[in-house]
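Novice: Read in the working numbering, the sequence shown has 21 at position 21, and its numbers run on one by one without any break. For glycine and all other residues, C-beta sits at the position ideal for the given N, C-alpha and C. So that we are looking at the same thing, I have put the structure below in structure tokens.
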Amino acid sequence: MSNNRKRRSFNSATFVVIGLGRFGSALAKELVNSGHEVLGIDYDEKLVQQMAPDLTHCVKADTTDESVLVELGIQDFDTAMVAIGADIEASILTSSLLLQLGVKNVWAKANSESHGRILRQLGVHHVIFPEDDMGKRVAHMVSGETLEYVPIDEDFVMVKTYVPHIFDGMPLSEAKIRATYGVTVVATNSGDGKYTPAFPETILHSGHQIVVAGPKAPLDKFCQLDHE
Ligand code: ATP
Numbered sequence: 001m002s003n004n005r006k007r008r009s010f011n012s013a014t015f016v017v018i019g020l021g022r023f024g025s026a027l028a029k030e031l032v033n034s035g036h037e038v039l040g041i042d043y044d045e046k047l048v049q050q051m052a053p054d055l056t057h058c059v060k061a062d063t064t065d066e067s068v069l070v071e072l073g074i075q076d077f078d079t080a081m082v083a084i085g086a087d088i089e090a091s092i093l094t095s096s097l098l099l100q101l102g103v104k105n106v107w108a109k110a111n112s113e114s115h116g117r118i119l120r121q122l123g124v125h126h127v128i129f130p131e132d133d134m135g136k137r138v139a140h141m142v143s144g145e146t147l148e149y150v151p152i153d154e155d156f157v158m159v160k161t162y163v164p165h166i167f168d169g170m171p172l173s174e175a176k177i178r179a180t181y182g183v184t185v186v187a188t189n190s191g192d193g194k195y196t197p198a199f200p201e202t203i204l205h206s207g208h209q210i211v212v213a214g215p216k217a218p219l220d221k222f223c224q225l226d227h228e
């Protein structure tokens, strides 16, 4: 193990990201950009060198070795993300060690349903499937129905889409979108790129962007209004 920065005590709102591949590195950088302290770990020296300037701490280590995790003080972290996908054995061993060491909030990415099932059986608190999730989101985007598609829950979604032309020029209060379609317009874009919260008096303009939330089926129907 080589540690390119001195170990220091971490406060309770710190994160460790294990595996600095495409997913792990993007996640770690975004956490740093949001003002968090992030320890990144990978056993690939080159990746560690690449990421070191962007992260609070960056360490080359094999996380399937318990003594390495203990030496790094992993048990002091509140949240860990195991961003190892292809090497299932390393993902499982690492996750199980994190749980054994008492990390309170363990997240792990799974590359397949069976991988995810094993992680859940181990007790991993949050198992995510980034490729599956992104595939589902992008399906709605490539079909041209939405510009963004964000599942909030099993059956509740938030989308960014265009105002269907039938509402052109109408105030939101007259469009009766909630009563007719069972979905709620949350925000509108006046065409200058700026979103503002939607009010009853907000005028809808065909082709302008809106953010709409609601159960999946009615929302899908609403987004297809201009495609019918
Ligand atoms: P991505 O799609 O995010 O690039 P992936 O799903 O292909 O990643 P892997 O290639 O298995 O996942 O692993 C991601 C990173 O985790 C790699 O950079 C790899 O070097 C690192 N890694 C794998 N096993 C270990 C381990 N035991 N200890 C530390 N790092 C590891």
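Helix, strand or coil: how does DSSP classify N4 here?
Specialist: Stepping through the sequence shown from its first residue, residue 4 is reached at position 4. The predicted position of N4 is uncertain, since its pLDDT is 39 and thus under 50; a value taken from the coordinates is nonetheless stated next. Reduced to three states, the DSSP call for N4 is coil.
Novice: Under the three-state reduction of DSSP, which class applies to P164: helix, strand or coil?
Specialist: Reading the sequence shown from its first residue, position 164 is the one you call residue 164. Correct three-state label for P164: coil.
Novice: I believe S95 touches L122 by the beta-carbon criterion, under 8 angstroms. Please report the beta-carbon distance rounded to the nearest angstrom.
Specialist: One-based indexing of the sequence shown puts residue 95 at position 95. One-based indexing of the sequence shown puts residue 122 at position 122. S95 to L122, Cβ: 6 angstroms. Contact.
Novice: Among K104, S91 and M141, which has the Cα closest to the Cα of T79?
Specialist: Taking the first residue of the sequence shown as 1, we reach residue 79 at position 79. When only C-alpha atoms are compared, the closest one is K104.
Novice: Starting from N33, follow the alpha helix (DSSP H) in both directions and report where the run begins and ends.
Specialist: As a position in the sequence shown, residue 33 is number 33, starting the count at 1. Where N33 is concerned, the enclosing alpha helix (DSSP H) stretches over R22 to N33.
Novice: Are the CB atoms of K208 and V163 nearer to each other than 8 angstroms?
Specialist: Within the sequence shown, the letter at position 208 stands for residue 208. Within the sequence shown, the letter at position 163 stands for residue 163. Contrary to the premise, residue 208 reads as His rather than Lys in this sequence. Cβ atoms of H208 and V163: closer than 8 angstroms.
Novice: At a cut-off of 7 angstroms, would you count N189 as near ligand 1, judging by its Cβ distance to the nearest heavy atom?
Specialist: If you number the sequence shown from 1, residue 189 lands on position 189. Incorrect: N189 has no Cβ contact closer than 7 angstroms to ligand 1.
Novice: Mind checking which residues open and close the alpha helix (DSSP H) that includes S187?
Specialist: Along the sequence shown, one-based indexing puts residue 187 at 187. According to the sequence shown, residue 187 is Ala rather than Ser. No alpha helix (DSSP H) holds A187; the beta strand (DSSP E) holding it covers T184 to N189.
Novice: Report the CB separation of T56 from V32 in whole angstroms; it is logged as a contact under 8 angstroms.
Specialist: Locating residue 56 in the sequence shown gives position 56, counting from the first residue. Locating residue 32 in the sequence shown gives position 32, counting from the first residue. 7 angstroms between Cβ atoms; contact.
Novice: Evaluate the contact criterion for the region 181-197 versus the region 125-141: three or more CB pairs, one atom per stretch, below 8 angstroms.
Specialist: At 8 angstroms Cβ cutoff, the stretches do not touch.
Novice: Does any heavy atom of ligand 1 sit closer than 7 angstroms to the C-beta of I84?
Specialist: The residue you call residue 84 lines up with position 84 of the sequence shown. Yes - ligand 1 has a heavy atom lying nearer than 7 angstroms to the Cβ of I84.
Novice: Quick one: is M134 buried, meaning 16 or more other Cβ sit within 10 Å of its Cβ, or exposed?
Specialist: Numbered from its first residue, the sequence shown carries residue 134 at position 134. So M134 counts as exposed.
Novice: Quick one: is the Cβ of I74 within less than 7 angstroms of any heavy atom of ligand 1?
Specialist: Along the sequence shown, one-based indexing puts residue 74 at 74. The answer is no for I74.
Novice: Among the candidates A110, G102 and V82, whose CA atom is the shortest distance from the CA of D76?
Specialist: Here residue 76 is taken as the residue at index 76 of the sequence shown, counted from 1. With distances taken between Cα atoms, D76 lies closest to G102.
Novice: When the cut-off is 8 angstroms and only beta carbons count, does I152 lie next to chain B?
Specialist: Of the protein chains in the structure, only one exists, and it is not chain B.
Novice: Does any heavy atom of ligand 1 sit closer than 7 angstroms to the C-beta of G116?
Specialist: The residue labelled residue 116 in the question sits at position 116 within the sequence shown. Checking every heavy atom of ligand 1 against the Cβ of G116, none is found closer than 7 angstroms.
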